[in-house]
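A.B. asks:
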Amino acid sequence: MKFVIVVALFSVAIAAPTMNKETVAIVSLDNEVNIDGSDIHDVEYADGTKIQEQQNEKYIGTKPEDIGIASKGSYSYNFPETIITVNWVTDEKTKVVHAYIQISYPVLQNLCRSMSCTTPDDGQ
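For reference, each letter of the sequence shown is one residue, going -15 to -1, 1 to 109 in mature numbering (1 follows the signal peptide of the UniProt record, and there is no 0).
#1: Excluding the 5 residues flanking K43 on each side, which residues of the same chain have their C-beta closer than 6 Å to its C-beta?
#2: Tell me the rounded alpha-carbon separation between Y60 and V9.
#3: If I follow the unbroken beta strand (DSSP E) through K48, where does it start and stop?
#4: What does the Cβ neighbour count give for V71, buried or exposed, with the cut at 16 atoms within 10 Å?
#5: Within this structure, are the beta carbons of N63 and D27 separated by less than 8 Å?
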């Protein structure tokens, strides 16, 4: 749980708005809502930011109105010299089941070298 909180705080810190408040155009938008209550949302912006989410309704009780929503998705955005991707999965009670941040490999190599650790390409 602490890891998820740290990941969330890190994501918020990186995604904090800058002073430049230009409007970014939407390149593609796809919203699909199905009769069974599931839906899929995909958005791509001109600056390379992408957001994807899938949601499914699941029963969490014995009554027809006892419905929760399980979701999974990701968003990615350009950061200097890399693309950062955040992925998540939640269960029907909106509890985070899985979340991680993916950073491109060249950035990871540079970070490891600055911290004196090794990467698989270092031959060790």
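Where is the CB? At the ideal position from N, CA and C, for every residue including glycine.
C.D. replies: Short version:
#1: G53, A55, E77
#2: 16 Å
#3: Unbroken run through K48: none, as it is neither H nor E.
#4: buried
#5: no
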